[in-house]
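S.K.: Those letters in the sequence shown? Residues 995 to 1333, by my numbering. My questions all concern the structure below.
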Amino acid sequence: MTGPTIAFFTRLLDDAPPAERYALATEQIQHAEQHGVGRAWVAQHHFRAAEGGLPSPLVFLANVAAQTSHIRLGTGVVTLPLEDAVRVAEDAVVADLLAGGRIDLGLGSGGTPSSFIPFGEDVRDKAPTYDRKLRLLLDALSGRDIGADNTLYPDAGTLADRIWQATFSSPGGHRAGIHGHGLLLSRTQPRSVDALHAPLSALQDPVIDAYLDALPAGIAPRITASRTVVVADDRAEALRFAEVGLRRAAEGFRRQGQTIPGDDLDELIVALDTHLGTPEQVAESLAADATLARATEVAFQVHSVDAPHAHVLRSIELFAEQVAPALGYTLTDTIKEKA
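Printed below as a string of C-alpha cells:
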C-alpha cells in the first residue's frame, strides 16, 4: 500500500503588492512541481488582503497552467454561495481545457460573513444557497439542461469527476461522499469550549467516517488533509516567523469569537495545529497526527506562520526531499526525472 500523495497549498499571503503576490505564488508552485509535489491548491478570498490574496482562483490557475507542465491545480476553495454556479462551471471548464485536464474544482460554503453582503447574499442562508447552487453546478458539468434547453459549452469532459467539497462537519462529509466527490479537510478547526485541547483528529475523523459511509460502492475515496507545515534548517528560524504569524492568527480567531487557549508560543503552536522545525521534527509531529494516516493526500501550507518567500521555497524543498520520504508519502516524477 502506497502512502498519500503530497500537495502544496497557498492563500497567496506574501507581504507584497497583488501582482507580486501572484508572481511569488506561481514561483512557489513551479518549485513544488520541480520537487515532485503532485498538486497545488489555491484559496479564494474576497476584499481583505490579510485573509487571502486571490478573489479569482480559476483565472490565476489558468496562468499557472501555462507556466507548469504536469502538476495538478485545484481551487481550495471556490466559495460557491457567492458565485453564479453556471459561470463557475464555464470558467472551470475553460481553465481545465487550457490546463490540459489538470484542474480540480474544490468547493465550499464558508467565507467571511461580511463578504456575503456585496454579492447580495445572506450568510444566514449559506447552507441552502450552497445546496441549490451545487445542484445547478453539477447539472451544468454533467451536460444536463440548465434552463431553456441550454447545456454547457464547452462541455466539461471529466471535470465532474474532479470535484471536491470542503467541510468542518460530519453532515458535510456525508454530502461530499454521497456525490462521490473528494473531501477537503482544513489545516485547523474551531474547538468548542469543552474540547479546547482536543487533537485535530478528534474533530476530523468523524467527518471522514461520515464521508466513507456515504461514498457509493466502487468509488475510490479522495481525502485531502491540509496542514500548517514549516520545515526549516533549524527550529529557531521557524519559531522566529511563528512568533509573528501565529500570534496574529490567534488574535484574528479571537476577534471572530473563537477561544484560543494559551498565549505562550508553544501553546499557540499546539492550539493552531502547527507543525514546524527541522525535517526530523516535522516528520515526528506529522506522524502523530492520526487523521493523516487516513488521507489520500497531505497538503502542506505555511499559513498561519506565513514565512517569507525564500523560506517557503526552502520549506517545499525540505518537505519533498526529507519529510515526505521519511513518512512514506508518494511523490510524482520531477521535471528533471522526466527529461
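Idealized CB from N, CA, C, for every residue including glycine.
Which whole-angstrom value is the C-beta distance of G1100 and A1160, which I expect to be below 8 Å?
M.R.: Between A1160 and G1100 the Cβ distance is about 6 Å, and since that is below 8 Å, they are a contact.
S.K.: Applying the criterion that 16 or more other CB atoms from any shown protein chain within 10 Å of the CB defines a buried residue, is I1111 buried or exposed?
M.R.: Answer is exposed; the Cβ neighbour count stays below 16.
S.K.: Counting C-beta neighbours from all protein chains within 10 Å, is the total for Y1016 16 or more, i.e. buried, or is it exposed?
M.R.: Label assigned to Y1016: buried.
S.K.: Would you list the one or two residues that DSSP bridges to Q1159?
M.R.: DSSP lists L1101, L1177 as partners of Q1159.
S.K.: Are the CB atoms of G1171 and L1209 nearer to each other than 8 Å?
M.R.: Yes, they are a contact pair.
S.K.: Given a cut-off of 8 Å on the beta-carbon distance, is the pair A1226 and S1103 in contact?
M.R.: The answer is no: Cβ separation not under 8 Å.
S.K.: Could you tell me the alpha carbon to alpha carbon distance between A1043 and K1127, rounded to whole angstroms?
M.R.: Computed Cα separation, rounded: 27 Å.
S.K.: How big is the Cα-Cα spacing for P1255 and R1185?
M.R.: Approximately 10 Å, taken between the alpha carbons.
S.K.: Between which two residues does the beta strand (DSSP E) containing T1073 stretch?
M.R.: That run of the beta strand (DSSP E) goes 1066-1073.
S.K.: Does the count of Cβ pairs from the segment 1105-1120 and the segment 1065-1078 closer than 8 Å reach three?
M.R.: Yes, the segment 1105-1120 is in contact with the segment 1065-1078.
S.K.: Helix, strand or coil: how does DSSP classify L1131 here?
M.R.: If DSSP states are grouped into helix, strand and coil, L1131 belongs with the helices.
S.K.: By the 10 Å Cβ neighbour count, where 16 or more other Cβ atoms means buried, how is G1068 classified, buried or exposed?
M.R.: Classification for G1068: buried.
S.K.: If you draw a straight line from the C-alpha of E1245 to the C-alpha of L1266, how long is it?
M.R.: Taking the straight line joining both Cα atoms gives about 12 Å.
S.K.: Tell whether a beta-carbon distance below 8 Å holds between E1311 and H1029.
M.R.: For E1311 and H1029, yes; Cβs fall inside 8 Å.
S.K.: Please state if the CB of H1305 and the CB of F1235 are separated by a distance shorter than 8 Å.
M.R.: Closer than 8 Å, so yes.
S.K.: Using DSSP bridges, identify the partner residues of R1221.
M.R.: Answer by DSSP bridge pairing, in chain order: F1294.
S.K.: Note down the Cα distance separating F1178 from L1194, rounded to an integer number of angstroms.
M.R.: The question names Phe, but residue 1178 in the sequence shown is Leu. Spanning the two alpha carbons is a distance of roughly 14 Å.
S.K.: Please name the residue, chosen from R1081, R1288, L1092, I1097, that lies closest to I1065 on a Cα-to-Cα basis.
M.R.: Here the closest residue by C-alpha is I1097.
S.K.: Three-state secondary structure (DSSP) at V1276?
M.R.: Residue state, collapsed to three classes: helix.
S.K.: For T1285, I'd like the list of residues in its chain whose CB is within less than 8 Å of its CB, leaving aside the five on either flank, ordered along the chain.
M.R.: Result list for T1285: L1179, L1194, S1195, Q1198, D1199, I1202, A1219, in chain order.
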